[in-house]
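Peer 1: Encoded as structure tokens, here's the structure I'll be asking about.
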Amino acid sequence: MRILRYSSLAAAGALFLAPWLQAQAPHATIVKGAVNIRRGDTALATPLDTATALQEGDCLASEAKSFAVVLLDGVNSFQLSANSEVRMAQLDAAHFHITIVSGALIYHVDGPGPATAEVHTPSVTVLPSQAGVYSVAIKPGGESEIIPREGSVQVTAPGGSQWVHPGEKMIARGDPANPEFRITPAVSRLARAMIVLANVIQVIDVVGSFGGGGGGRGAALHQRAANSPRPVTPTPAPHGPPPPARGR
1 MRILRYSSLA AAGALFLAPW LQAQAPHATI VKGAVNIRRG DTALATPLDT
51 ATALQEGDCL ASEAKSFAVV LLDGVNSFQL SANSEVRMAQ LDAAHFHITI
101 VSGALIYHVD GPGPATAEVH TPSVTVLPSQ AGVYSVAIKP GGESEIIPRE
151 GSVQVTAPGG SQWVHPGEKM IARGDPANPE FRITPAVSRL ARAMIVLANV
201 IQVIDVVGSF GGGGGGRGAA LHQRAANSPR PVTPTPAPHG PPPPARGR
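In terms of my numbering, the sequence shown opens at residue 1 and continues consecutively.
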């Protein structure tokens, strides 16, 4: 009788703790559009939902105009972009290993935590250890693109490692045993030129509107000058006697 009572209590406790344990496991917090999950090596894909606890070996795949936000623990999370696929190679309390098969993800680190993380691409491994936001993508040509939006991130390969800082972009390609990479500005020349042009236009607008409303003092002065009568320039008299005056 006592054994039966203990078994009932254990079953009730497991039933009570199941939702809490599932909430602590890696899971999706937001799913928008068509995002599917494949368990392990199975070919069967089912829709991902926020009630599904993720396991090692799971593959997540999103279609066009779709994305999912996955919470790994209290400080690590990532957003799976549209038309992307990732594999959860390792998921435990001490280490997260995410492999990008195609597409892109945005990895978030909110602060220090007990777990380390790595994001694998075909050429390099990204180690998001500092608080920040990091975009990691595989381009259509197979190149890996790493852009720190906030914070700095370490990118490693067998031959060494390189830190990438905000405002920079790393492009890596080639054999993962000896990849090639380059660091370029995260913003293209055209985008920088557009930013400069927008700033110039803003300055002109501020100067033009200084001290007045609507079109500003500059516009008002320009309109006043346009509406004022123009001075008449005297025309010199021609040579010879003046013309006779007309009678009244």
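Every residue gets a Cβ at the ideal spot worked out from N, C-alpha and C, and that includes glycine.
Everything numeric in this text was worked out from a predicted model, so none of it was measured.
Please name the residue in P140, S129, T156 whose C-alpha comes closest to that of E150.
Peer 2: The residue you call residue 150 lines up with position 150 of the sequence shown. Residue S129 is the option with its Cα nearest to E150.
Peer 1: Do A68 and F96 have their beta-carbon atoms positioned less than 7 Å apart in this structure?
Peer 2: As a working note, residue 96 is residue 96 in the sequence shown. As a working note, residue 68 is residue 68 in the sequence shown. For F96 and A68, no; Cβs fall outside 7 Å.
Peer 1: Pick from Q90, D175, V119, D110: whose alpha carbon is nearest that of A104?
Peer 2: For the purposes of this step, residue 104 is identified with residue 104 of the sequence shown, where counting begins at 1. Selected option, being the one with the closest Cα: V119.
Peer 1: Note down, one range per segment and in chain order, each beta strand (DSSP E) of at least 3 residues found wholly within the segment 87 to 124.
Peer 2: Taking only runs of at least 3 residues, the beta strand (DSSP E) segments lying wholly in the segment 87 to 124 are 95 to 109, 116 to 120.
Peer 1: Please determine, among E143, K139, G142, V133, the residue with the shortest C-alpha to C-alpha distance to S152.
Peer 2: Position 152 of the sequence shown, counting from 1, holds the residue named residue 152. When each option's Cα is compared against that of S152, the closest is V133.
Peer 1: Under a three-way DSSP split, which group does Q24 fall into?
Peer 2: Position 24 of the sequence shown holds residue 24. It is helical.
Peer 1: How many angstroms separate the CA atom of R38 from the CA atom of V31?
Peer 2: On the sequence shown, residue 38 is found 38 positions in, with the first residue counted as 1. On the sequence shown, residue 31 is found 31 positions in, with the first residue counted as 1. Whole-angstrom Cα-Cα distance: 15 Å.
Peer 1: Buried or exposed for S84, please, with buried defined as at least 16 other CB atoms from any protein chain shown within 10 angstroms of its CB.
Peer 2: Here the question's residue 84 lines up with position 84 in the sequence shown. That one is buried.
Peer 1: If you check the beta carbons only, do L72 and P26 fall under 7 Å apart?
Peer 2: Counted from its first residue, the sequence shown places residue 72 at position 72. Counted from its first residue, the sequence shown places residue 26 at position 26. The answer is yes: Cβ separation under 7 Å.
Peer 1: Give me the residue from T156, L91, G167, A93 with the minimum Cα distance to A177.
Peer 2: Translated into the one-based positions of the sequence shown, residue 177 becomes position 177. The option with the nearest alpha carbon to A177 is T156.
Peer 1: Whose CA, out of E145, L54, T50, lies closest to the CA of E169?
Peer 2: In the sequence shown, the residue the question calls residue 169 occupies position 169. One point to set straight first is that residue 169 is Lys, not Glu, in the sequence displayed. Closest by alpha carbon: E145.
Peer 1: Going by the beta-carbon positions, is the gap between G113 and V75 smaller than 7 Å?
Peer 2: Start at 1 with the first residue of the sequence shown, and residue 113 comes out as number 113. Start at 1 with the first residue of the sequence shown, and residue 75 comes out as number 75. For G113 and V75, yes; Cβs fall inside 7 Å.
Peer 1: Would the beta-carbon of G111 fall within 7 Å of that of A131?
Peer 2: In the sequence shown, residue 111 corresponds to position 111, counting from 1. In the sequence shown, residue 131 corresponds to position 131, counting from 1. Against a cut-off of 7 Å, the Cβ pair of A131 and G111 comes out as a contact.
Peer 1: Using the Cα positions of T42 and P148, report the straight-line distance between them to the nearest angstrom.
Peer 2: Along the sequence shown, one-based indexing puts residue 42 at 42. Along the sequence shown, one-based indexing puts residue 148 at 148. Approximately 34 Å, taken between the alpha carbons.
Peer 1: In this structure, how does DSSP classify A64 when only helix, strand and coil are distinguished?
Peer 2: Residue mapping note: residue 64 aligns to position 64 of the sequence shown, counting from 1. Reduced to three states, the DSSP call for A64 is coil.
Peer 1: Using the three-state DSSP reduction, which class does A82 fall into: helix, strand or coil?
Peer 2: Within the sequence shown, residue 82 is the residue found at index 82, counting from 1. Reduced to three states, the DSSP call for A82 is coil.
Peer 1: Under 8 Å by Cβ, that's how I've got D58 and M88 pegged, so tell me the actual separation to the nearest angstrom.
Peer 2: Position 58 of the sequence shown, counted from the start, is the residue given in the question as residue 58. Position 88 of the sequence shown, counted from the start, is the residue given in the question as residue 88. Confirmed, Cβ separation roughly 5 Å.
Peer 1: May I ask which residues mark the beginning and end of the beta strand (DSSP E) holding T184?
Peer 2: Your numbering for residue 184 matches position 184 in the sequence shown. Unbroken beta strand (DSSP E) run through T184: 180 to 185.
Peer 1: Quick one: is T46 buried, meaning 16 or more other Cβ sit within 10 Å of its Cβ, or exposed?
Peer 2: Locating residue 46 in the sequence shown gives position 46, where the first residue counts as 1. Counting Cβ neighbours within 10 Å, T46 comes out exposed, since fewer than 16 surround it.
Peer 1: Who pairs with L256 in a beta bridge, going by DSSP?
Peer 2: No answer is possible for residue 256: the residues shown for the chain start at 1 and end at 248.
Peer 1: Helix, strand or coil: which one does DSSP assign to A55?
Peer 2: As a working mapping, residue 55 is identified with position 55 in the sequence shown. With the sequence shown as reference, residue 55 is identified as Gln, and Ala is not the correct amino acid for it. Reduced to three states, the DSSP call for Q55 is coil.
Peer 1: Using only CA atoms, which one of G142, T184, I106 lies nearest to V126?
Peer 2: Here residue 126 corresponds to residue number 126 of the sequence shown, with the count starting at 1. Ranking the options by Cα distance to V126, first place goes to I106.
Peer 1: I'd like the span of the beta strand (DSSP E) that includes K169, first residue to last.
Peer 2: Sequence index remark: in the sequence shown, residue 169 carries index 169 (1-based). From DSSP, the beta strand (DSSP E) with K169 extends over 168 to 173.
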